[in-house]
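Some notes on the structure that comes next.
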Amino acid sequence: MLRYGWVDETTTAFTQMARSNSSDRRVASLCCEVRRLDERREEDDGLSDTWRHELEAIREQAMASLALASDSKALNDWRVEVLGKKSALGQMSKAMGGLTPEDRRVLGEALNRIRQELEQAWRSRQAEIEAKEKALRLERERIDVTLPGRHVPLGAMHPISRVIEEIEDIFVSLGFSVVEGPEVETDHYNFELLNIPKDHPARDMQDTFYLTDEWLLRTHTSPMQVRTMERMRGRTPIRVIVPGRVYRRDEDDATHSHQFTQIEGLVVDEGIRMSDLKGTLEAFAKALFGPSQRVRLRPSYFPFTEPSCEVDLVCVSCGGSGCRMCKGTGWIEILGAGMVHPRVLDMSGYDSARYTGFAFGLGAERIAMLRYGISDIRMLYQNDLRFLRQFRHA
Ligand code: FA5
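Using our numbering, read the sequence shown as starting at 622 and increasing by one per residue.
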């Protein structure tokens, strides 16, 4: 082990000899040597040359690589590499166990000193890099408040949804509840329980999309008459409307679509009469199209109502004088209706000797067309934005 061999007693003796003005050249040279060693001792800490050089090399290399670290990641890597357990400093600390107590003290102090110095250097470099990164981030994330805002296109409610909501509001204000039913329905509910047995010719008019022999896409919302009565289990009054999609194998044209929206209405109680049906529909028509609106009932046929009728409104285009839209009649058909057939009441658990009811089914598209002057039902399904945008402020 290379060490400066400082021996205090020797130094003192040499100094005394020098002070005694001895002429002996040998003594004089020793005195010079001691002085030189004394000077070195003041600046030294007892480290051997090897250690000193080694520590100095570690320090210099660490400082140089610290100066090159330019971001937080490099800085952290540096810390692990230079100050971590596996670093050169870490290895030296580990090896200290094999030294004499004095050497351990000397080297330990030196290692602490250099470690503190490097840690201090790391902290100031970290502060520098953090400040630089923050400045960069601020520059990158700068918001230009003078930029014009981005245009967010405004959507609009579809005219069919709009009409459904309006109709729901009107009927709710008349004491009705809104219920919904399945679009995939059984033959039993869609036809049989509505008094349309398998061989009934009325099926032909609604020939539809069958999924299996028993399951089909419903052709109208009327099965919900039966489902509602079954759910109510003989309780009254029943006052519901049922909006929903229906499907038929109809040819698409200006007034027909193979898929459209119906709103079913059903009222069941004791003493319900045809005049209740007419009064309710007239109140509805006035609420939707204005107080001068009137309804007209024409005899018709549905297997599940008796008597049955088609209901017309005064033509909204000409006010009743006759135009192209109403084909010169002054009236426009909007729905089918009637008194619930006694057999349907009985099949649904309501004694037809005691209870009566009315039902109606209207086409929401047809109402939307009248309401907004739409000449072709297909426009409602084509998703043409030029058409749909018109309803933003409707
Ligand atoms: C029925 O569907 C009966 N279930 C209505 C009903 C309910 C009668 C309760 C009695 C008691 P209809 O097939 O007429 O009836 O259809 C009713 C309404 O749906 C029509 O007045 C019309 O407004 C609309 N509609 C019918 N077929 C189409 C179609 N292909 N495209 C668009 N709307 C249609």
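Don't be surprised by glycine CBs; every beta carbon is placed ideally from N, CA and C.
- Secondary structure note for D808: its alpha helix (DSSP H) is the uninterrupted segment 808-811.
- Apart from sequence neighbours up to five positions away, the residues of its chain that approach T840 with a beta-carbon distance below 7 Å are N811, Q827, T829, V867, Y868, R869, ordered along the chain.
- Around the C-beta of D997, fewer than 16 other C-beta atoms lie within 10 Å, and the residue is accordingly described as exposed.
- The residues S708, in chain order, have a CB closer than 7 Å to that of E702 in the same chain once the five nearest residues on each side in sequence are set aside.
- Within the stretch 693-754, complete beta strand (DSSP E) segments of at least 3 residues are not found at all.
- Taking C-alpha positions only, L775 is separated from E754 by approximately 40 Å.
- The Cβ atoms of C936 and W952 lie closer than 8 Å to each other.
- The stretch 779-793 makes contact with the stretch 998-1014: 3 or more CB pairs, one atom from each, lie closer than 8 Å.
- Look at the beta carbons and you see the stretch 885-895 touching the stretch 963-981: at least three pairs across the two are nearer than 8 Å.
- In this structure P844 is in contact with E806, their Cβ atoms being roughly 5 Å apart against a cut-off of 8 Å.
- In the assembly as shown, S929 is a buried residue. Its beta-carbon has 16 or more other beta-carbons within 10 Å.
- The beta carbon of I785 is closer than 6 Å to those of P864, A985 in its chain, skipping five residues each way along the sequence.
- Using a C-beta cut-off of 8 Å, the stretch 792-809 makes contact with the stretch 901-911, since at least three inter-stretch Cβ pairs fall below that distance.
- Between the beta-carbon of L837 and that of P924 there is about 17 Å, and that puts the pair past the 8 Å contact cut.
- Residue pairing by DSSP puts A980 in a beta bridge opposite L887, G959.
- Shortest Cα-Cα distance from L704 to any of M853, G719, E740 involves E740.
- Excluding sequence positions up to five before and after L720, its CB lies within less than 7 Å of the CB of L728, all in the same chain and listed in chain order.
- By the Cβ neighbour-count rule, D933 is buried, with 16 or more other Cβ atoms within 10 Å of its own.
- Distances from the CA of L757 to each of C947, D692, D890 were compared; the closest alpha carbon is that of D692.
- Shown here for S878: same chain residues with a beta carbon closer than 6 Å to its own, the five before and five after excluded, namely I998 in chain order.
- Rounded to whole angstroms, I859 and R1007 show a C-alpha spacing of 42 Å.
- Sorting L676, D698, E675 by C-alpha distance to the C-alpha of S686 places D698 at the top.
- When secondary structure is reduced to three states using DSSP, T671 falls in the helix class.
- Less than 8 Å divides the Cβ of L909 from the Cβ of E787.
- Bridge pairing for I785: absent [DSSP].
- Inter-residue distance for H809 and S942 is about 44 Å (C-alpha atoms, whole angstroms).
- DSSP lists no beta-bridge partner residue for E835.
- Of all C-beta pairs linking the stretch 944-958 to the stretch 849-858, fewer than three are shorter than 8 Å, placing the two stretches out of contact.
- Per DSSP, G900 lies in no beta strand (DSSP E); the unbroken alpha helix (DSSP H) holding it starts and ends at 895-910.
- A buried status is given to I955, since no fewer than 16 other beta-carbon atoms sit within 10 Å of its beta-carbon.
- For F1012, there is no enclosing alpha helix (DSSP H), as DSSP marks it with neither H nor E.
- Leaving aside the five residues that flank A690 on each side, the residues in its chain whose CB is nearer than 7 Å to its CB run, in chain order, L696, W699, R746.
- At the C-beta level, E927 and G957 stay beyond 8 Å of one another.
- Per the C-alpha coordinates, the member of R726, Y971, G994 positioned closest to E891 is Y971.
- Residue side-chain check: S929 places its Cβ nearer than 7 Å to a non-hydrogen atom of the ligand FA5.
- Collapsing the DSSP output to three states places R866 in a strand.
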